[in-house]
Amino acid sequence: MRKALIAGNWKMNKTLAEARELVAGIREQIVKINNIGDVDVLICPPFQLLMPMAKAIDGSCIMLGAQNAHHEPFGAFTGEVSVSMLKDAGCTHVIIGHSERRRLFGEDNALLAKKVRAVLHGDLTAIYCVGETLEEREANQTDRVIRAQVAAVIARDISSDRLVIAYEPVWAIGTGRTATTEQAQAVHAAIRSQLAEIYDLAISKKIRVLYGGSMKPDNAGQLLQQPDVDGGLIGGACLSASDFSAIISLAASVSK
Ligand code: 13P
-1 MRKALIAGNW KMNKTLAEAR ELVAGIREQI VKINNIGDVD VLICPPFQLL
49 MPMAKAIDGS CIMLGAQNAH HEPFGAFTGE VSVSMLKDAG CTHVIIGHSE
99 RRRLFGEDNA LLAKKVRAVL HGDLTAIYCV GETLEEREAN QTDRVIRAQV
149 AAVIARDISS DRLVIAYEPV WAIGTGRTAT TEQAQAVHAA IRSQLAEIYD
199 LAISKKIRVL YGGSMKPDNA GQLLQQPDVD GGLIGGACLS ASDFSAIISL
249 AASVSK
């Protein structure tokens, strides 16, 4: 079956001193978790912290990811960072297409398709984010929007081995308002059936689909128990060692 992945998206938070304290706290708490081997743990700090955090996680089970990447390998792209640079810094994962990148930085599906390909081509794992806005959900457009976001970026010729999808309803991000277990499961199941159309049934069963959007220790257990919820992409709660570790612990204790 699919191994759970609990990923922390730090967004634009933490100085070096704060980051060291956070990672030390996570390390201290997760060694106490039974079955920690059943969960993949990932932190995605901002760029300036990648190299020191690669050191800070050394010798632990924690993996390192970035929050964005440029799709070109190198060149005159002021302010950007390439996939090979991220790999060089110790990253194994890159978040692509977060709703904040789509909304605040104008990243569209066509650009995100290039970015996902660049990440996979660079042998890193892409965590491709999809999600509907509140207006879209209220207008019953959720299925259509998610389907289009997946279809525009995920294609049969894209390697499924290092592909993760994250469903993050925009209205649930940073709002304290989380999707119900039924809402999350319904979208996750729809994404998986679309993956079965793109690849095949067996491959669709191997690709992890994470939930993100106000996931906290008090709601993570129920969400993670849903058959098609394979982990979480955590924002606010990953900035606290105890909250993030508590979610990891819940993921380790879920049996499906
Ligand atoms: P919150 O957990 O703060 O809602 O953020 C979710 C998110 O955007 C993770 O990428």
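Okay, so the sequence shown: first residue is -1 according to our numbering, each after it adds one. Don't be surprised by glycine CBs; every beta carbon is placed ideally from N, CA and C.
Give the straight-line distance between the Cα atoms of residue i and residue j, rounded to the nearest whole angstrom.
i, j, result
"Ala22", "Ala54", "8 Å"
"Thr76", "Ala67", "13 Å"
"Gly88", "Gln223", "31 Å"
"Lys113", "Val252", "33 Å"
"Phe72", "Ser80", "6 Å"
"Ile246", "Glu105", "30 Å"
"Met(-1)", "Tyr197", "18 Å"
"Glu19", "Met213", "22 Å"
"Ile152", "Asp216", "33 Å"
"Ile163", "Lys12", "26 Å"
"Leu110", "Arg145", "15 Å"
"Arg100", "Cys236", "22 Å"
"Asp95", "Phe103", "In the sequence on display, residue 95 carries Gly and not Asp. Using only the alpha carbons, I get a separation of about 10 Å."
"Ile205", "Glu195", "13 Å"
"Ile60", "Leu3", "11 Å"
Considering residue i, what are the terminal residues of the alpha helix (DSSP H) in which it resides?
i, result
"Asn217", "215 to 222"
"Thr179", "179 to 196"
"Gly23", "14 to 28"
"Leu161", "No alpha helix (DSSP H) holds Leu161; the beta strand (DSSP E) holding it covers 161 to 165."
"Ile201", "199 to 202"
"Leu102", "97 to 102"
"Val81", "81 to 86"
"Arg175", "Unbroken run through Arg175: none, as it is neither H nor E."
Could you give the DSSP three-state label for residue i: helix, strand or coil?
i, result
"Leu3", "strand"
"Ser58", "coil"
"Asp38", "strand"
"Arg154", "coil"
"Leu122", "coil"
"Val256", "Outside the modelled stretch of the chain, which goes from -1 to 254, sits residue 256, for which no answer is possible."
"Ile229", "Correcting the residue type first, residue 229 is Gly in the shown sequence and not Ile. Reduced to three states, the DSSP call for Gly229 is strand."
"Gly234", "helix"
"Ala255", "Because the chain spans -1 through 254 in this model, residue 255 falls outside it and cannot be assessed."
"Ala64", "strand"
Against chain B, with Cβ distances strictly below 7 Å, would residue i count as a contact?
i, result
"Gln46", "Chain labels in this structure do not include chain B; a single protein chain is all it has."
Based on Cα-Cα distance, which residue from the options lies nearest to residue i?
i, options, result
"Ile93", "Arg135, Thr173, Leu40, Glu70", "Leu40"
"Gly6", "Gln192, Ala170, Gly57, Asp38", "Asp38"
"Ser244", "Val185, Arg154, Glu26, Thr176", "The identity of residue 244 in the sequence shown is Ala, whereas the question assumes Ser. Considering only alpha carbons, the answer is Glu26."
"Ala250", "Ser82, Gln65, Leu237, Ile34", "Ile34"
"Gly229", "Ala146, His186, Leu237, Gln192", "His186"
"Val148", "Ser82, Leu193, Glu70", "Leu193"
"Glu264", "Val143, Lys204, Leu221, Glu195", "Here the chain has residues from -1 to 254 only, and residue 264 is not among them."
Cutting at 8 Å between CB atoms, please list the residues of its own chain near residue i, excluding the five before and the five after it.
i, result
"Lys85", "Gly120, Asp121, Leu122"
"Leu118", "Ala124, Ile156, Ser157, Arg160, Leu161"
"Ala108", "Ala150"
"Gly172", "Ser212, Gly233, Gly234"
In chain order, what residues of the same chain lie with their CB nearer than 7 Å to the CB of residue i, ignoring the 5 residues before and after it?
i, result
"Arg190", "Ser202, Val207, Asp226"
"Asp141", "Ala188"
"Glu166", "Ser97, Cys127, Gly129, Gly210, Gly211, Leu231"
"Glu78", "His68"
"Met51", "Ala17, Val21, Ile41, Pro43, Leu62"
Using a Cβ-Cβ cut-off of 6 Å (strictly less than) and excluding sequence neighbours within five positions of residue i, which residues of its own chain qualify?
i, result
"Val168", "Ser97, Gly129, Thr131"
"Gly219", "Leu248"
"Leu48", "Ala87"
Counting along the chain, where does the beta strand (DSSP E) carrying residue i start and finish?
i, result
"Ile257", "The requested residue 257 is not part of the displayed model; the chain covers only -1 to 254."
"Leu47", "Unbroken run through Leu47: none, as it is neither H nor E."
"Val168", "Note, Val168: premise wrong, no beta strand (DSSP E); not H, not E."
"His91", "91 to 94"
"Gly73", "Element bounds for Gly73: n/a, residue is neither H nor E."
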